[in-house]
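Below: the structure, in structure tokens.
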Amino acid sequence: CNKYILVNNTLVVLETEVTAQNLESFDKREIFYLIAPYCVKIQAKCFVCFRNLRYAWLPKLQQVGASSFSGCYSLFKLSCKNLQDAQIQAFSQCFSLSQIDLHELIQLGNSVFSNGFAFQVLSANKLKRLNEQQFLECNQLFYVNCDSLTECSTCFKNKKLKFVHTPKLK
1 CNKYILVNNT LVVLETEVTA QNLESFDKRE IFYLIAPYCV KIQAKCFVCF RNLRYAWLPK
61 LQQVGASSFS GCYSLFKLSC KNLQDAQIQA FSQCFSLSQI DLHELIQLGN SVFSNGFAFQ
121 VLSANKLKRL NEQQFLECNQ LFYVNCDSLT ECSTCFKNKK LKFVHTPKLK
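Under UniProt numbering, think of the first position of the sequence shown as 1, with each following residue one higher.
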């Protein structure tokens, strides 16, 4: 049984873990949508430069490896309600990314959203620590809601920031 199926520009992955090696046989220009209902982990650099990828549905995803979606210029929405760990540059250069569920997020690596020009809303109630490196060039960020945040450097130096809710931050 093939666990990676491409149907009408939609890649369906039936594995619990996605590796770059398993994606080598696909033309990344032909993949617009990703459906991975059982995926728990995406290894490093899996979808790097999948420039036409627009949407990913990963309901069980918990960990995104380093540079996993880096350079996915068209990616605008990631449905990943169980994401807990996004490693270094996981979503860097995702210029269009504006919708991502981060409610279960616990850990963010450096430059995770760097050059995320469309990234506007950060709502991550389990996240405890942030630094300035995680949001480089995220100039559209205007809403931050992090109930558990206790450590934050200068990461919110942003002229467009309109709402910040960080009750545990001193």
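Using N, Cα and C, we set each Cβ at its ideal position, and we do this for glycine too.
The structure displayed is predicted, hence computed values, not measured ones.
Following the DSSP letters along the chain, one finds Leu122 inside the beta strand (DSSP E) bounded by residues 121-123. For the pair Lys170 and Cys152, the Cα-to-Cα distance works out to about 9 Å. Secondary structure at Leu105: coil, using DSSP grouped into helix, strand and coil. One Cα belongs to Cys94, the other to Leu6, and the distance between them is close to 22 Å. Restricted to the region 11-68, the alpha helix (DSSP H) segments that are unbroken, complete and at least 4 residues in length are 20-23, listed in chain order. Beta-bridge partners of Tyr4 (DSSP): Val13. Boundaries of the beta strand (DSSP E) around Tyr143: 143-145. By a beta-carbon distance limit of 8 Å, Leu11 contacts Ile31. Their separation comes to about 5 Å.
Taking the Cα positions, Asn52 is about 16 Å away from Ser98.
For Val164, the enclosing beta strand (DSSP E) starts and ends at 163-165. According to DSSP, Gln99 shares a beta bridge with Lys77.
With respect to Gln140, Val112 sits apart: the two C-beta atoms are not nearer than 9 Å. For Glu132, the three-state secondary structure derived from DSSP is helix. Look at Ala90 here: in three-state DSSP terms it is coil, with no helix or strand label.
Just so you know, the alpha carbons of Glu137 and Leu127 end up roughly 20 Å apart.
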